[in-house]
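Asks: For reference, the structure I am asking about is given below.
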Amino acid sequence: MSTPKISIIIPIYKVEKYLDKCVQSARHQTLQDIEIILVDDESPDGCPQMCDEYAKQDSRIKVVHKKNGGLGFARNSGLEVATGEYVTFLDSDDFVDLYTYEHLYNIAKKENLDAVYYKFKRFVNEDEVKQEPPCNEITICENDGVKELMLDIISSEPSAKVDHKIHCSSCTSMYRFEIIEKNNVRFHSERELISEDLVFNLDFLKYAKKVAFNNGAHYHYRVNPTSLTSAIRTDRVEKNLALYSYIKNNIENWGLNYEKGYERACRFFIGSSRMAISLYLNSKNSKNKGQWLKSEISRPIWNKIFTSYNWKALPKYQSLFFYSCVTKQTLLIKLLCKLKSIIK
């Protein structure tokens, strides 16, 4: 049996309403030489039965039923049975354009790439989604360029206008599977690290020699207000701190310059925590906002970054917000959050 060109791993949990749209977008790819791995993460609805039925209809489909462990571990279960030359991931409430994987595979083979990254579009109603023609515009990173990419994945330099210039989701990426297998690259649990995609990409890119960005937006990301990433949570700053610490402790392990990596880790914490605070304070469903805010900005990490990071180089709004957190000016923080919600 020949090796599939691409393994498409689809973790599945409580998506009965959207699953068929997702699976059919994978089944009907113009690239036929693929395998589709459906990982049922102990979904309590009709998804397990749907997965088994898909496997009966299409010999390219494998089904893995596992105990519930979350998104990251479900993806790992898919990697354990994958056999493709390249591997990619597709979330079960999203879908891709039908030419997507053929287009990416052709780019990867032509340039001998270890990974291809591409863009996504958000949508609420799939009936409004329009497929665009394949985009051939690519940017290639090699050797030292890959290291710079890794720094940008962590976060931007202090003077950049945005916290993240690059968003590398595993769903909008295609990876050379040999690198994943040879180096045992796996996902952490999102219950442990708030951005398991970020860490997975850094772990992978440590071993990559040549990757590319394709400017096409072939992936369609469903905006779901009740999803894990949209939910208002009280532990966001704490989770950001845990990931900041993990990044800081692994900078040199990834082969990165420590000073540059530490600078990006600080920007990550500042930006992610500013967003977490803004979301919580501007939410109508949040409770005990004042008490929660005082608790979050009392963490020692704020003062540590204040004394070790060039925060004055941040854009004005961001530097003022950070300074307000360090000096515990809760009224000013609330005002800044309110103004930002009005201005956008």
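Going left to right, the sequence shown walks through residues 27 to 370 as the numbering used here numbers them.
Where is the CB? At the ideal position from N, CA and C, for every residue including glycine.
If you're wondering where the values come from, they're calculated on a predicted model, not measured in any experiment.
#1: CB E222 to CB G98, shorter than 8 Å?
#2: Looking at C-beta atoms only, is the number of pairs between the stretch 207 to 220 and the stretch 317 to 337 that lie closer than 8 Å three or more?
#3: For L177, which residues in the same chain have their Cβ closer than 7 Å to its Cβ, ignoring the five residues on either side in sequence?
#4: Are the beta-carbon atoms belonging to N240 and I133 less than 8 Å from one another?
#5: Per the DSSP calculation, L64 is bridged to which residue(s)?
#6: Going by the beta-carbon positions, is the gap between V225 and Y284 smaller than 8 Å?
#7: How about P30 and G110: do their beta carbons lie closer than 8 Å?
#8: On the DSSP letters alone, give me the boundaries of the alpha helix (DSSP H) that S182 sits inside.
#9: Ignoring anything shorter than 4 residues, give me the alpha helix (DSSP H) runs that lie fully in the stretch 254 to 292, in order along the chain.
#10: Rounded to the nearest angstrom, how far is the Cβ of C48 from that of F149, given a contact under 8 Å?
#11: Considering only the beta carbon of each residue, do I32 and Y112 sit closer than 8 Å?
#12: Can you name the residues that DSSP bridges to A302?
#13: For L365, count neighbouring Cβ atoms within 10 angstroms of its own Cβ and tell me buried if that reaches 16, exposed if not.
#14: Among the residues of its own chain, which have a CB less than 6 Å from the CB of S69, if the five just before and after it don't count?
#15: Does the distance from the C-beta atom of L64 to that of Y80 stay below 8 Å?
#16: Alpha carbon to alpha carbon, what distance is there between G96 and E264?
#17: Can you tell me where the beta strand (DSSP E) with K236 in it begins and where it stops?
#18: With a threshold of 16 other CB atoms inside 10 Å of the CB of H54, please say whether the residue is buried or exposed.
#19: Using a threshold of 8 Å, state whether the C-beta atoms of L340 and S350 are closer than that.
#20: What's the C-alpha gap between N308 and A100?
#21: Which word fits D229, buried or exposed, when buried means at least 16 other C-beta atoms lie within 10 angstroms of its C-beta?
#22: Measure the alpha-carbon distance for I258 versus L305 and round it to whole angstroms.
#23: For T165, write down the residues that DSSP places opposite it in a beta bridge.
#24: Leaving out five residues before and five after D119 in sequence, what residues of the same chain have Cβ atoms less than 7 Å from its Cβ?
#25: To the nearest angstrom, report how far apart W328 and S334 are at their CA atoms.
#26: Buried or exposed for D84, please, with buried defined as at least 16 other CB atoms from any protein chain shown within 10 angstroms of its CB.
#27: Would you please state the rounded distance, in angstroms, between the beta carbons of S299 and N276? I believe it to be under 8 Å.
Replies: Inspection of the coordinates gives the following:
#1: The answer is yes: Cβ separation under 8 Å.
#2: no
#3: L282, K286, G287 and R290
#4: yes
#5: I36 and V89
#6: no
#7: yes
#8: Here S182 belongs to no alpha helix (DSSP H), and DSSP marks it neither H nor E.
#9: Positions of the alpha helix (DSSP H) runs, each at least 4 residues long and wholly inside the stretch 254 to 292, are given as 262 to 276 in order along the chain.
#10: Contact doesn't hold; Cβ gap of about 13 Å is too wide.
#11: yes
#12: A302 pairs with nothing; no bridge assigned.
#13: Exposed, because fewer than 16 other Cβ atoms sit within 10 Å of the Cβ of L365.
#14: I38, Y39 and K40
#15: yes
#16: 19 Å
#17: K236 to R248
#18: So H54 counts as exposed.
#19: No, these two residues do not count as a Cβ contact at 8 Å.
#20: 33 Å
#21: buried
#22: Going by the C-alpha atoms only, they are around 7 Å apart.
#23: F239
#24: Excluding residues up to 5 positions away in sequence, V41, Y44, C48, R248 and N250 lie with their Cβ nearer than 7 Å to the Cβ of D119 in the same chain.
#25: 10 Å
#26: exposed
#27: About 20 Å separates the two Cβ atoms, so there is no contact after all.
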